[in-house]
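Colleague: Dropping the structure in here first, questions after.
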DNA sequence: GGCCAAACCTAAAGGGTTTAGGTTAGGGGC
DNA sequence: GCCCCTAACCTAAACCCTTTAGGTTTGGCC
């Protein structure tokens with residue numbers, strides 16, 4: 001009987017593909033074993049346990065996302081870069097829903113790609129010339145808005161009534177751009 | 001042996017409390033049965049199945065949240081109302097993390113409280129005098145930002161370095177307020 | 001005092017994770 | 001060319017969770 005000749009990477013990628021295909025909740029060691037024509041227990045040779053596997057999918061996805069964002073923002077600046085960054089995330093979330101869901105899951109380990117993503121974000125925000133101390137708040141706002149929008153969109157919580165979410169998305173990006181451009185002078189600065 | 005004398009509501013509330021205490025993932029029919037000193041199968045008298053139970057927790061939480069928001073925004077308007085609405089959500093998310101997690105789960109049924117919440121939100125947004133067609137986009141932005149922020153905060157994705165999230169939160173609300181006040185004239189309106 | 005509905009039970013099937021320990025395949029050293 | 005050692009894979013079994021089917025008990029009401 002030919003061996004499946006698995007490895008960590010192969011299993012992790014299969015898990016990510018399974019998540020994209022049938023939903024994040026469907027990624028299960030049993031399902032993967034079935035897919036490979038192997039006994040469930042055999043997967044423990046390549047993977048510490050289920051939670052470690054899901055962490056690995058998270059890491060894989062984060063790396064891919066960082067790659068996409070890197071090429072999206074390359075050569076752009078200001079508002080254009082902001083749009084590119086946000087759109088890259090939205091495209092990823094739509095094209096790879098399972099991988100994107102894996103990103104929502106709090107990961108036990110902070111992968112290296114996380115730092116890359118922060119760096120890319122800061123590069124985009126640099127053109128807005130915020131005070132240094134405000135950079136982190138702006139990053140958080142950006143992350144919250146984009147992730148929040150994509151979560152609500154994915155979970156169908158925006159409802160199927162009303163205009164397309166595409167318009168809402170543009171408005172959200174516009175709002176972010178405005179907020180960033182007018183950052184220091186907003187409201188009544190306490 | 002004294003009967004536990006359960007009912008749907010009792011089970012649902014216990015599930016919500018369990019979620020707050022030990023995390024949403026910990027709410028399991030087995031755990032609830034243990035808690036009541038009853039066999040798991042007996043719970044099926046009061047609850048259709050696990051997924052229906054989780055939907056009910058969702059509904060319970062949404063009602064509670066709507067209540068809180070209603071009293072929070074009562075008698076306030078404009079920016080003050082916006083802050084009250086957002087803070088009420090943040091308080092709820094922090095004080096009832098399990099119930100709040102239940103809200104993230106896409107519910108099979110759209111509970112009546114959802115409509116109440118939309119109505120409350122629209123009341124808050126009314127003072128910003130947006131064009132009618134923009135109301136839905138503004139609502140989505142508000143929801144996305146608040147939910148996104150709270151998700152990232154709860155999952156620890158903001159990291160434990162850097163300034164408190166409290167400041168970031170205030171900035172986020174400020175940004176929303178700015179976006180709402182300057183809504184029609186932003187960027188280059190296509 | 002008896003009956004009936006609802007509350008609770010036992011039993012069992014089915015799926016998932018995980019550990020312990022055994023077998024086999026295949027490549028490197030002699 | 002054979003050995004042998006390692007890693008890939010296996011079986012077995014324990015444990016937890018959900019769900020269905022069908023039986024028993026309890027308590028209130030007529």
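Residue numbers (UniProt numbering), protein chains in the order written: chain X, 1 to 190; chain H, 1 to 190.
Cβ coordinates follow ideal geometry from the N, Cα and C atoms, glycine included.
With a 10 Å radius around its C-beta and 16 neighbouring C-beta atoms as the bar for buried, classify residue 188/X as buried or exposed.
Modeller: What you label residue 188/X is simply residue 188 of the first chain in a count that begins at 1. Because residue 188/X sits at a pLDDT of 45, beneath the cut-off of 50, its placement in the model cannot be relied upon, and the following sentence gives the value as read from the coordinates. Classification for residue 188/X: exposed.
Colleague: Can you tell which of 110/X, 174/X and 33/X has its C-alpha closest to the C-alpha of residue 137/H?
Modeller: Locating residue 137/H in the second chain gives position 137, where the first residue counts as 1. For the residues 110/X, 174/X and 33/X, the minimum Cα distance to residue 137/H belongs to 174/X.
Colleague: Of all the CB atoms in chain X, is at least one closer than 9 Å to the CB of residue 64/H?
Modeller: The residue labelled residue 64/H in the question sits at position 64 within the second chain. So, not an interface residue.
Colleague: Cα-Cα, which of 126/X, 161/X, 154/X and 125/X is closest to residue 196/H?
Modeller: For residue 196/H there is no data in the structure shown, the boundaries of chain H being 1 and 190.
Colleague: Going by Cα to Cα distance, which pick from 139/X, 94/X and 10/X is closest to residue 115/X?
Modeller: Along the first chain, read from residue 1 onward, the residue named residue 115/X stands at position 115. It is 139/X whose Cα lies nearest to the Cα of residue 115/X.
Colleague: In chain H, which residues lie less than 8 Å from residue 24/X when you measure between Cβ atoms?
Modeller: Position 24 of the first chain, counted from the first residue, corresponds to residue 24/X. None at all; the shortest Cβ gap to chain H is about 12 Å.
Colleague: Would residue 59/X be called buried (16 or more neighbouring beta carbons within 10 Å of its own) or exposed?
Modeller: Here residue 59/X refers to the residue found at position 59 when the first chain is read from its first residue. Buried, because 16 or more other Cβ atoms sit within 10 Å of the Cβ of residue 59/X.
Colleague: Quick one: what does DSSP say residue 171/H is sitting in, helix, strand or coil?
Modeller: By 1-based counting over the second chain, the position of residue 171/H is 171. Here residue 171/H sits in helix by DSSP.
Colleague: Does the CB of residue 75/H have a neighbour CB from chain X at under 9 Å?
Modeller: To locate residue 75/H, count along the second chain from 1; it is residue 75. By this cut-off, residue 75/H is not an interface position.
Colleague: Any beta carbon of chain X sitting closer than 9 Å to that of residue 97/H?
Modeller: On the second chain, position 97 is the one that residue 97/H refers to. No, because no Cβ of chain X sits closer than 9 Å to the Cβ of residue 97/H.
Colleague: Do the stretch 75-84 of chain H and the stretch 24-40 of chain H make contact, defined as three or more Cβ pairs closer than 8 Å?
Modeller: no
Colleague: Hey, does residue 17/H have any beta-carbon neighbour from chain X nearer than 9 Å?
Modeller: Locating residue 17/H in the second chain gives position 17, where the first residue counts as 1. Closer than 9 Å: no.
Colleague: Would you please verify whether the beta carbon of residue 11/X is less than 9 Å from any beta carbon of chain H?
Modeller: For the purposes of this step, residue 11/X is taken as residue 11 along the first chain, with counting starting at 1. Not closer than 9 Å to any Cβ of chain H, the Cβ of residue 11/X fails to qualify, so no.
Colleague: So, do the stretch 8-25 of chain H and the stretch 100-118 of chain H have three or more beta carbon pairs nearer to each other than 8 Å?
Modeller: yes
Colleague: For the stretch 106-123 of chain X, which residues have a beta carbon sitting closer than 7 Å to at least one beta carbon of chain H?
Modeller: 106
Colleague: Please list the partners that residue 162/X has in chain H, where partner means a Cβ-to-Cβ separation under 7 Å.
Modeller: To locate residue 162/X, count along the first chain from 1; it is residue 162. Ordered by position in chain H, the residues that pass the 7 Å Cβ test against residue 162/X are 136.
Colleague: The alpha helix (DSSP H) spanning residue 84/X covers which residue range?
Modeller: For the purposes of this step, residue 84/X is taken as the residue at position 84 of the first chain. It spans 78-95 - the alpha helix (DSSP H) in which residue 84/X sits, taken as one unbroken run.
Colleague: What residue does the alpha helix (DSSP H) around residue 35/X start on, and which one ends it?
Modeller: Position 35 of the first chain, counted from the start, is the residue given in the question as residue 35/X. 29-36 is the span of the alpha helix (DSSP H), which, as asked, contains residue 35/X.
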